[in-house]
(Lines of atoms letter the chains of each structure in order from A and count residues from 1; the text may use other names and numbers.)
(Lines give C-alpha, C1' and ligand atoms only; values in the text may rest on other atoms or scores of the structure.)
Protein backbone atom coordinates (compact mmCIF):
# COMPACT_ATOMS: atom_id res chain seq x y z
CA UNK A 1 0.00 0.00 0.00
CA UNK A 2 1.40 3.36 -1.03
CA UNK A 3 0.99 6.38 1.23
CA UNK A 4 2.08 9.98 0.92
CA UNK A 5 4.38 11.50 3.50
CA UNK A 6 5.59 14.99 4.35
CA UNK A 7 8.52 14.04 6.57
CA UNK A 8 10.87 16.16 4.48
CA UNK A 9 9.19 19.23 6.01
CA UNK A 10 10.60 18.39 9.46
CA UNK A 11 13.87 20.23 10.14
CA UNK A 12 16.93 17.96 10.06
CA UNK A 13 14.97 15.18 8.37
CA UNK A 14 16.95 14.54 5.21
CA UNK A 15 16.81 11.55 2.86
CA UNK A 16 18.77 9.27 5.20
CA UNK A 17 16.62 10.03 8.25
CA UNK A 18 13.40 9.76 6.25
CA UNK A 19 14.48 6.51 4.60
CA UNK A 20 15.42 4.99 7.93
CA UNK A 21 12.19 6.08 9.63
CA UNK A 22 10.05 4.80 6.75
CA UNK A 23 12.01 1.56 6.59
CA UNK A 24 11.73 0.94 10.31
CA UNK A 25 8.07 1.87 10.69
CA UNK A 26 6.60 0.21 7.64
CA UNK A 27 2.90 0.98 7.56
CA UNK A 28 1.68 3.50 10.17
CA UNK A 29 -1.49 1.44 10.65
CA UNK A 30 0.56 -1.37 12.17
CA UNK A 31 0.83 0.62 15.41
CA UNK A 32 -2.02 1.49 17.74
CA UNK A 33 -0.54 4.47 19.55
CA UNK A 34 2.40 6.87 19.69
CA UNK A 35 3.69 5.00 22.74
CA UNK A 36 3.93 1.86 20.60
CA UNK A 37 6.21 3.77 18.22
CA UNK A 38 8.47 4.92 21.05
CA UNK A 39 8.69 1.32 22.29
CA UNK A 40 9.33 0.06 18.73
CA UNK A 41 12.39 2.30 18.48
CA UNK A 42 13.49 1.34 22.01
CA UNK A 43 13.33 4.93 23.26
CA UNK A 44 11.18 4.08 26.28
CA UNK A 45 12.66 3.62 29.77
CA UNK A 46 12.93 0.11 31.16
CA UNK A 47 10.72 -0.59 34.15
CA UNK A 48 12.30 -2.00 37.26
CA UNK A 49 10.23 -2.28 40.42
CA UNK A 50 10.64 -4.15 43.66
CA UNK A 51 8.47 -4.05 46.76
CA UNK A 52 6.17 -1.55 45.07
CA UNK A 53 8.96 0.99 44.50
CA UNK A 54 10.21 1.98 41.09
CA UNK A 55 13.95 2.38 40.48
CA UNK A 56 15.28 5.80 39.46
CA UNK A 57 17.64 6.49 36.57
CA UNK A 58 16.31 3.75 34.36
CA UNK A 59 18.10 2.76 31.16
CA UNK A 60 16.35 2.48 27.80
CA UNK A 61 14.78 -0.80 26.80
CA UNK A 62 16.64 -0.65 23.47
CA UNK A 63 14.04 -2.91 21.86
CA UNK A 64 13.55 -2.57 18.15
CA UNK A 65 16.06 -1.31 15.68
CA UNK A 66 19.30 0.23 16.84
CA UNK A 67 19.57 1.97 13.47
CA UNK A 68 16.22 3.72 13.82
CA UNK A 69 16.96 4.64 17.42
CA UNK A 70 20.37 6.05 16.51
CA UNK A 71 19.16 8.10 13.53
CA UNK A 72 16.35 9.65 15.61
CA UNK A 73 18.82 10.36 18.41
CA UNK A 74 21.14 12.14 15.97
CA UNK A 75 18.27 14.17 14.49
CA UNK A 76 17.13 15.08 18.02
CA UNK A 77 20.66 16.15 18.93
CA UNK A 78 20.70 18.53 15.95
CA UNK A 79 17.28 19.87 16.94
CA UNK A 80 18.48 20.54 20.49
CA UNK A 81 21.62 22.31 19.28
CA UNK A 82 20.34 24.32 16.33
CA UNK A 83 16.63 25.12 16.73
CA UNK A 84 14.79 27.41 19.12
CA UNK A 85 12.21 24.71 19.87
CA UNK A 86 14.85 22.07 20.56
CA UNK A 87 16.91 24.44 22.68
CA UNK A 88 13.95 25.31 24.87
CA UNK A 89 13.00 21.64 25.21
CA UNK A 90 16.60 20.79 26.08
CA UNK A 91 16.92 23.48 28.75
CA UNK A 92 13.54 22.55 30.25
CA UNK A 93 14.38 18.86 30.64
CA UNK A 94 18.13 19.10 31.22
CA UNK A 95 18.16 21.91 33.77
CA UNK A 96 14.53 22.14 34.87
CA UNK A 97 13.96 18.42 35.40
CA UNK A 98 17.58 17.44 35.96
CA UNK A 99 17.89 14.80 33.25
CA UNK A 100 21.27 13.85 31.85
CA UNK A 101 22.34 15.03 28.40
CA UNK A 102 21.64 11.66 26.80
CA UNK A 103 18.27 11.27 28.54
CA UNK A 104 17.21 14.73 27.39
CA UNK A 105 18.17 14.09 23.76
CA UNK A 106 16.46 10.70 23.98
CA UNK A 107 13.26 12.35 25.23
CA UNK A 108 13.32 14.65 22.21
CA UNK A 109 14.03 11.68 19.91
CA UNK A 110 10.90 10.04 21.32
CA UNK A 111 8.97 13.23 20.48
CA UNK A 112 10.30 13.11 16.91
CA UNK A 113 9.28 9.45 16.62
CA UNK A 114 5.75 10.29 17.76
CA UNK A 115 5.58 13.28 15.41
CA UNK A 116 6.78 11.21 12.45
CA UNK A 117 4.24 8.48 13.10
CA UNK A 118 1.36 10.95 13.51
CA UNK A 119 2.27 12.70 10.26
CA UNK A 120 2.48 9.37 8.42
CA UNK A 121 -0.74 8.06 9.95
CA UNK A 122 -2.78 11.18 9.16
CA UNK A 123 -0.98 12.30 5.99
CA UNK A 124 -0.55 15.76 7.49
CA UNK A 125 2.09 18.42 6.95
CA UNK A 126 4.60 19.45 9.61
CA UNK A 127 3.07 22.02 11.95
CA UNK A 128 5.33 23.39 14.70
CA UNK A 129 2.30 25.04 16.34
CA UNK A 130 0.67 21.67 17.00
CA UNK A 131 3.77 19.60 17.65
CA UNK A 132 5.76 21.90 19.94
CA UNK A 133 3.39 24.59 21.23
CA UNK A 134 4.97 24.72 24.72
CA UNK A 135 8.46 25.33 23.33
CA UNK A 136 7.73 28.00 20.73
CA UNK A 137 8.75 31.62 21.34
CA UNK A 138 5.82 33.81 22.33
CA UNK A 139 5.65 35.73 19.03
CA UNK A 140 5.45 32.46 17.05
CA UNK A 141 2.79 30.84 19.23
CA UNK A 142 0.42 33.83 19.26
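In the numbering used here, the protein residues as written are 7 to 148. Backbone N, C-alpha and C define an ideal beta-carbon position, used for all residues, glycine too.
Excluding sequence positions up to five before and after residue 70, its CB lies within less than 6 angstroms of the CB of 46, 47, 48, all in the same chain and listed in chain order. In the assembly as shown, residue 106 is an exposed residue. Its beta-carbon has fewer than 16 other beta-carbons within 10 Å. Counting only runs of at least 4 residues, the segment 104 to 148 fully encloses the following alpha helix (DSSP H) elements, listed from N- to C-terminal order: 107 to 128, 134 to 137, 144 to 147. By the 16-neighbour rule on beta-carbons within 10 angstroms, residue 36 is exposed.
DSSP places residue 10 in no alpha helix (DSSP H); its state is neither H nor E. For residue 111, the closest alpha carbon among the candidates 17, 13, 76, 31 is that of 76. Between residue 141 and residue 92, the gap from beta carbon to beta carbon is short of 9 angstroms.
Scanning its chain for C-beta atoms nearer than 7 angstroms, with the 5 sequence neighbours on each side dropped, one finds around residue 26 the residues 73, 74, 77, in chain order.
For residue 26, the enclosing alpha helix (DSSP H) stretches over residues 21 to 31.
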